[in-house]
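Worksheet: the structure to be examined is printed underneath.
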Amino acid sequence: MVIRNLTAVWILSQTATYDFDDTLAGGLVSIECIIGFLLLSAVIYGCQTLPPLKSPFGLLMLNQNVTQLLACIDSGAFFFFGVLLNSKIVMKNNHVFGFVSVMLLPVILGSFFLMSANRLCASTMVFTYKRIFTKHKIITFIFSIWCFSLVFCAWIFGSRDCKFEFYIYGWFFTGAQYTEKCQDLIVTYNFGVQVTLTSLIMVSDVVTLFVLVCLRVLIQGIVFVAHGFWYDMGYAILPGNDDRWKYFFTTSFSSNLLHVFDPIVVFMFNPEFRKWILNFRFLFQKNKVNVTMISPSAAVSSHT
Numbered sequence: 047m048v049i050r051n052l053t054a055v056w057i058l059s060q061t062a063t064y065d066f067d068d069t070l071a072g073g074l075v076s077i078e079c080i081i082g083f084l085l086l087s088a089v090i091y092g093c094q095t096l097p098p099l100k101s102p103f104g105l106l107m108l109n110q111n112v113t114q115l116l117a118c119i120d121s122g123a124f125f126f127f128g129v130l131l132n133s134k135i136v137m138k139n140n141h142v143f144g145f146v147s148v149m150l151l152p153v154i155l156g157s158f159f160l161m162s163a164n165r166l167c168a169s170t171m172v173f174t175y176k177r178i179f180t181k182h183k184i185i186t187f188i189f190s191i192w193c194f195s196l197v198f199c200a201w202i203f204g205s206r207d208c209k210f211e212f213y214i215y216g217w218f219f220t221g222a223q224y225t226e227k228c229q230d231l232i233v234t235y236n237f238g239v240q241v242t243l244t245s246l247i248m249v250s251d252v253v254t255l256f257v258l259v260c261l262r263v264l265i266q267g268i269v270f271v272a273h274g275f276w277y278d279m280g281y282a283i284l285p286g287n288d289d290r291w292k293y294f295f296t297t298s299f300s301s302n303l304l305h306v307f308d309p310i311v312v313f314m315f316n317p318e319f320r321k322w323i324l325n326f327r328f329l330f331q332k333n334k335v336n337v338t339m340i341s342p343s344a345a346v347s348s349h350t
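First residue of the sequence shown? That's 47 in the numbering used here, and the numbers climb one at a time after it.
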């Protein structure tokens with residue numbers, strides 16, 4: 047794991063002036079978040095309307111995508127108003143946006159883990175599946191994840207007196223006494239939350255893969271593991287000497303890219319959503335043909 051030099055980052059941020067690079071960085075993430083917002087909203091709508099998804103798995107998918115939509119809005123609002131438009135108020139309070147993102151991450155990962163566990167139980171424990179994943183128990187699971195995340199963040203930002211702040215296109219854990227209070231928190235947060243949950247997701251998806259012989263269950267697990275590796279090690283891999291863009295592509299850009307990639311995976315590999323999109327496309331083409339056929343007759347009628 048690479049622990050970035052926060053002293054150098056802080057010095058660089060104090061001498062930085064707003065320029066075209068800031069506009070470019072803010073614009074790139076804003077576009078990511080707009081696309082992610084539209085795609086995630088479509089998934090949420092599908093979870094509420096498609097009959098096959100009115101199920102335990104659909105409820106878990108709904109919670110995961112609503113949480114990810116909140117994270118997308120949080121990040122999009124910060125980069126649009128703070129970085130792109132250079133709002134001083136937003137930039138001064140960037141730690142508030144950082145708090146929200148840190149709070150939502152365990153909920154997102156926890157929801158993905160529950161979805162993986164749901165698939166695993168459905169394929170390996172058919173007779174006990176309905177007892178484990180009842181609607182009441184799923185709501186309890188979801189509530190527990192949210193409570194854990196709130197308690198975890200209260201420990202980070204309260205008793206530990208740390209902040210998750212934005213410096214030079216990237217997000218970092220900081221504190222008044224960084225080396226004593228917050229440096230070990232990076233390792234705790236990364237390995238205690240991200241690595242543990244993504245590993246559990248990966249393991250359950252691998253088992254499900256052998257049972258169902260279905261590659262799609264592995265896609266999101268692979269993405270999370272790859273993103274965790276990139277977030278930690280990508281800074282050392284990227285060529286060049288411009289630290290600003292290294293921070294940007296390993297933290298801000300890659301994290302928000304997940305808001306776009308995750309719903310795309312749903313649309314590509316979930317059979318209910320694929321059928322929904324095909325039906326929508328067929329209905330659109332049918333209406334287009336009807337309009338084309340009606341228009342000439344309407345034009346003739348208007349001249350008689």
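Every residue, glycine too, gets a C-beta built ideally from N, C-alpha and C.
C-beta contact flag for Ser298 and Phe125 at 9 Å: yes
Residue from Ile77, Met107, Ile154 with nearest C-alpha to Ile90: Measuring from the Cα of Ile90, the nearest candidate turns out to be Met107.
Starting from Tyr293, follow the beta strand (DSSP E) in both directions and report where the run begins and ends. Where Tyr293 is concerned, there is no enclosing beta strand (DSSP E), although the alpha helix (DSSP H) it sits in stretches over 289-293.
Please return the same chain residues whose Cβ sits closer than 7 Å to the Cβ of Asn164, not counting the five positions on each side in sequence. Excluding positions up to five away in sequence, the list reads Pro102, Phe103, Leu106, Phe179.
Span separating the alpha-carbon of Pro98 from that of Glu318: 7 Å
Got a sec, what are the start and stop residues for the alpha helix (DSSP H) Lys181 sits in? 181-200
Per DSSP, which residues does Gly216 bridge with? Please list them. Beta-bridge partners assigned by DSSP to Gly216: Tyr213.
In angstroms, rounded to a whole number, what distance separates the CA positions of Asp65 and Ala168? 53 Å
Option in Ile154, Leu324, Tyr175 with minimal Cα separation from Ile188: Ile154
Just tell me which of Leu84, Tyr215, Ser157 has its CA closest to the CA of Val129. Closest option to Val129, Cα to Cα, is Tyr215.
So for Asn164, helix, strand or coil by DSSP? helix
Give a yes or no on whether the C-beta atoms belonging to His273 and Leu86 are separated by under 9 Å. no
Thinking Phe145 and Phe203 are a contact (beta carbons under 8 Å), I'd like their distance in whole angstroms, please. 6 Å
Can you list, in chain order, the residues of its chain with a C-beta nearer than 6 Å to that of Gly73? Leave out the 5 residues immediately preceding and following it. If we look at Gly73 and ignore the five residues flanking it on each side, its Cβ neighbours are Leu130.
Please state whether DSSP places Ser147 in a helix, a strand or coil. helix
Have a look at Ser190 and Thr170 and give me their C-alpha separation to the nearest angstrom. 25 Å
Please state whether DSSP places Gly92 in a helix, a strand or coil. helix
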